[in-house]
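**Student:** Counting in this note's numbering, the sequence shown runs from 1206 upward without gaps. Every residue gets a Cβ at the ideal spot worked out from N, C-alpha and C, and that includes glycine. Model, not experiment: these values are computed from the prediction.
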Amino acid sequence: MRNSEPIEKLIASFRNLPGVGYKTAERYAYYVIGADLPEVQDMAKNILAAKTEVKFCKECGGYTNADVCSICRSRSGETICVVAEPKDISVMEKVKNYNGVYHVLGGTLSPLENRGPDDLRIKELLSRIQTLKTKEVIMATNPDVEGDATAMYIARLLTPLGVKVTRLAQGVSMGTDLEYADEVTLTRALEARRPI
Ligand code: ZN
């Protein structure tokens, strides 16, 4: 062991973070040790608060610390943008001219991972569409095989109900995660959305 045990444990914790290798984890650990105590206490407090206070919005399934998130409380449900994961909401919020609400599916259809329609929040989507009198559903799942299959499945379900279903245009290149798309690309993809 190169460092003392508490340092090694901290490095191990940082290494669990996505995209962080040993060197970066070590830098973070030394930063924490060199920082003022109040700053470190604040950091630890924020991590715990985020973990214990953040929950899923009862309506859209996005992250919130209230029962219903501020987006669901303040916007019309005429348009619903369907995303796979809660974090995708903050990505879509980069698009300035989107004023609708969201719906988190909790994943995409994946035969490989044994994830079928019943494992996604599709029933909840149908009931929200009825309650909110939704006119358009924009499918913003990732432009990959699973994201496309999920969009198609939902389109087949909703079109007979008289709901317009559109898909973000392929400004986001094939196989690129929604999360890496910039604001301009996303805005274009939304403007050029097509019916499916
Ligand atoms: Zn919500």
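#1: Taking C-beta to C-beta, are residue 1257 and residue 1341 nearer than 8 Å?
#2: Is the stretch 1321-1340 in contact with the stretch 1302-1310, if contact means three or more CB pairs nearer than 8 Å?
#3: What are the complete beta strand (DSSP E) segments, minimum 3 residues, inside the stretch 1226-1268?
#4: With 16 as the cutoff for other CB atoms within 10 Å, does residue 1272 come out buried or exposed?
#5: Less than 7 Å separating the Cβ of residue 1305 from some heavy atom of ligand 1?
#6: Any chance the CB of residue 1267 is under 7 Å from a heavy atom of ligand 1?
#7: Given residue 1372, which residues of its chain have a CB within under 7 Å of its CB, disregarding the five upstream and five downstream residues?
#8: Buried or exposed: which applies to residue 1297, given that a residue is buried once 16 or more other Cβ atoms fall within 10 Å of its Cβ?
#9: Alpha carbon to alpha carbon, how far is residue 1380 from residue 1353?
#10: Between which residues of its own chain and residue 1251 is the CB-CB distance below 8 Å, once the five residues before and five after are set aside?
#11: Do residue 1350 and residue 1359 have their beta-carbon atoms positioned less than 8 Å apart in this structure?
#12: Using the rule of at least 16 other Cβ atoms within 10 Å of the residue's Cβ for burial, across every protein chain shown, is residue 1217 buried or exposed?
**Tutor:** From the atom records:
#1: At least 8 Å separates the beta-carbon of residue 1257 from that of residue 1341.
#2: Contact holds: three or more Cβ-Cβ distances are below 8 Å.
#3: For secondary structure counted as the beta strand (DSSP E) over 3 or more consecutive residues, the stretch 1226-1268 holds no complete run.
#4: Here residue 1272 is exposed. Its C-beta has fewer than 16 other C-beta atoms within 10 Å.
#5: No - ligand 1 has no heavy atom lying nearer than 7 Å to the Cβ of residue 1305.
#6: Yes.
#7: Here the set comprises 1344, 1356, 1398, 1399 and 1401.
#8: Result: buried.
#9: Any reading at residue 1380 must be qualified, since the residue scores a pLDDT of 49, below 50, and its modelled position is unreliable; no value is offered.
#10: Correct list: empty, nothing qualifies.
#11: For residue 1359 and residue 1350, no; Cβs fall outside 8 Å.
#12: Counting of Cβ neighbours within 10 angstroms places residue 1217 among the exposed residues, the total staying below 16.
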